[in-house]
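Q: Quick one: the structure is below, and I'll ask about it shortly.
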Amino acid sequence: MTAPPKIFVAGHRGMVGSAIVRQLLAHSHPVELIVTRTHAELDLTDQAAVYAFFKEEAPDHVYLAAAKVGGIHANSIYPAEFIYQNLMMQANVIDAAFRHGVQKLLFLGSSCIYPRLAPQPMKEGALLTGTLESTNEPYAIAKIAGIKLCESYNRQYGESHGVDYRSVMPTNLYGPGDNYHPQNSHVIPALIRRLHEAKVSNKSSVAIWGTGTPMREFLYVDDMAAASVHVMNLPQVTYQQYTQPMLSHINVGCGYDLTIKELAENIAQVVNYTGDIVFDLSKPDGAPRKLVDSTRLNALGWNAKESLEGGLKKAYEDFLKSKAKWP
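Residues in the sequence shown are numbered from 2 upward in steps of one, following my numbering.
Laid out in structure tokens, this is it:
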């Protein structure tokens, strides 16, 4: 019986990274073989520091979940930070992993890699077939580069060094560990906070960005973590049967979407906010629809388990717990 691998989870304090750690522990992976570093302990944009870390720790596998993330507002205000920090983290970790003998790595991307007007649901083959959504283009470009880094190292070093670097592209994620910042968060945590605060202050209405008509798909983060571990552990021959050397990423979604208006109404019900929800038409909508085609992953034996209603209830519970720790 082979010994369990030493696993580095980059970004373990983030929503996805922390869920991957939970998933590994649920699979009885020895806690002493899960390696983590906070940003204060290791700045992933610092190449020398990353190389020194890999030399010292020598992990066998890497989950690259570290990223600078945010919603439409944050992407619009900080485009330089979104492209620079994500490019640097990805390049440093992937190259350091290769140079220190890591044969298995999983890169976590985002469904925003697809063209703004990609046919729905978005298949993996839609990548690089059209213009990206302008509100998050810098972030999307960085994530595309991450996929191509993994593919390029596989193509150049797969046979000679046994490199097997894979990529998964999740739809919109939410759940425990989310960011509830009033301006820089994604849509679900932002709505949870705003509707909760409106309930507490007895506001008669809450304004939401855009028209409420865009369609979005949402996946509970622990489902994403389960999918990540599933894909990482697939036999290489199986993974290669379902992918191509230059189209190697796999979508991860739940298979259904809803409008932002419907989402807001669902969250209002969970939060128990009974006021009116109105829409600020002066604000951008983003892409009209974002539903990923998860047929490939489903064929590989994985399907999402958490319902939207159940996931939103858990997310609201997490918000209340995190809120209690705020200054």
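C-beta: ideal position from N, C-alpha, C; glycine also.
Please classify Lys56 as buried or exposed, where buried requires at least 16 neighbouring CB atoms within 10 angstroms.
A: So Lys56 ends up on the exposed side.
Q: Does the Cβ of Arg290 have 16 or more other Cβ atoms within 10 Å, making it buried, or fewer, making it exposed?
A: buried
Q: Opposite Ser168 in the DSSP bridges: which residues?
A: Note: Ser168 sits in a beta bridge opposite Phe108.
Q: Tell me which same chain residues have a C-beta within less than 7 Å of the C-beta of Gly311, skipping the five on either side of it?
A: none
Q: Are three or more beta carbon pairs between the region 12-20 and the region 169-184 nearer than 8 Å?
A: yes
Q: Below 7 Å CB to CB, which residues in the same chain sit around Leu196 once its five sequence neighbours on both sides are set aside?
A: Val207, Ile268, Ala269, Val272, Tyr274
Q: Once the 5 residues before and after Ala136 are set aside, which same chain residues still bring their CB inside 7 Å of it?
A: The amino acid at residue 136 is misidentified as Ala; the sequence shows Thr. Around Thr136: Ile73, Asn76, Ser77, Pro285, Gly287.
Q: Tell me whether the region 152-164 and the region 129-144 touch, counting them as touching only if at least three CB pairs, one residue from each stretch, are closer than 8 Å.
A: No: fewer than three Cβ pairs fall under 8 Å.
Q: Enumerate in chain order the residues of its own chain whose CB-to-CB distance from Leu264 is below 8 Å, with the five nearest sequence positions on each side excluded.
A: Excluding residues within five positions, the ones whose Cβ falls inside 8 Å are Val188, Ile189, Leu192, Arg217, Phe219.
Q: Could you tell me the boundaries of the alpha helix (DSSP H) in which Leu192 lies?
A: 188-201
Q: What is the C-beta distance between Thr212 and Leu282, in whole angstroms, given that I count them as a contact (C-beta under 8 Å)?
A: The C-beta distance from Thr212 to Leu282 rounds to 6 Å, short enough to fall under 8 Å.
Q: Mind pulling the alpha helix (DSSP H) runs of 4 or more residues that sit fully within the region 202-277?
A: As far as the region 202-277 is concerned, its whole alpha helix (DSSP H) runs of at least 4 residues are 222-233, 237-243, 261-272.
Q: When the Cα of Leu133 is compared with those of Gly163, Ile209, Cys113, which residue comes out closest?
A: Cys113
Q: Hey, out of Tyr243, Gln121, Val232, Thr214, whose CA is closest to Thr260's CA?
A: Nearest of Tyr243, Gln121, Val232, Thr214 to Thr260, Cα basis: Thr214.
Q: Tell me which residues share the same chain as Val232 and place their Cβ nearer than 7 Å to its Cβ, disregarding the 5 neighbours each side in the sequence.
A: The answer, listed in chain order, is Leu107, Arg167, Val169, Ile251.
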